[in-house]
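In our numbering, the protein residues as written are 248 to 351.
Note that CB positions come from ideal geometry on N, CA and C, so glycine has one too.
Being a predicted model, the structure only gives us computed values, none of them experimental.
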Amino acid sequence: MTIPDPIGHFVEATNEGDTEAFLNTLKADASLTDWGRSFQGREQIARWNQSDNIGVQSRLRRVRIAAAEGSYRVRIAVTGNGFNGEGDMTFTLDGDRIASLVIA
Numbered sequence: 248m249t250i251p252d253p254i255g256h257f258v259e260a261t262n263e264g265d266t267e268a269f270l271n272t273l274k275a276d277a278s279l280t281d282w283g284r285s286f287q288g289r290e291q292i293a294r295w296n297q298s299d300n301i302g303v304q305s306r307l308r309r310v311r312i313a314a315a316e317g318s319y320r321v322r323i324a325v326t327g328n329g330f331n332g333e334g335d336m337t338f339t340l341d342g343d344r345i346a347s348l349v350i351a
């Protein structure tokens, strides 16, 4: 399955350490849940990005992707100076932006 552009841009921006491009993949009112911790809107997600993503030099690699009822479940392998390992990211899109992301 071809990865939708907003998800591909999310991965690319993370890997390139480009915070502006990362935030531009999100709707202004996007939500992100990371193993039960919730972040609402770009401002809160920007703080998560600094503490858990680009700020700890995360590198993401897509393992597989599956579409399911309006969302995309992507298995991601993560390396960097934070979490290292695999996990699932479930993206819900709204047009060309990410409306929500659940990491588990």
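- The bridge partners DSSP lists for Gln287 are Ser278.
- The residues Thr261, Phe269, Gly329, in chain order, have a CB closer than 8 Å to that of Asn300 in the same chain once the five nearest residues on each side in sequence are set aside.
- Note that the C-beta distance between Thr280 and Val349 is below 8 Å.
- In the DSSP assignment, Val310 falls within the beta strand (DSSP E) that extends over 306-315.
- Beta-carbon to beta-carbon, Ala351 and Trp282 are separated by about 6 Å, close enough to satisfy the 8 Å threshold.
- Secondary structure of Ile250 (DSSP, three-state): coil.
- The closest CA to that of Arg284, considering only Asn296, Leu273, Lys274, is found on Asn296.
- For Phe338, the uninterrupted beta strand (DSSP E) run begins and ends at 332-341, by DSSP.
- In the three-state reduction of the DSSP assignment, Ala351 falls in the coil class, being assigned neither a helical nor a strand state.
- Straight-line measurement puts the Cα of Val321 at about 7 Å from the Cα of Val310.
- Spanning the alpha carbons of Gly332 and Val258 requires a straight line of approximately 15 Å.
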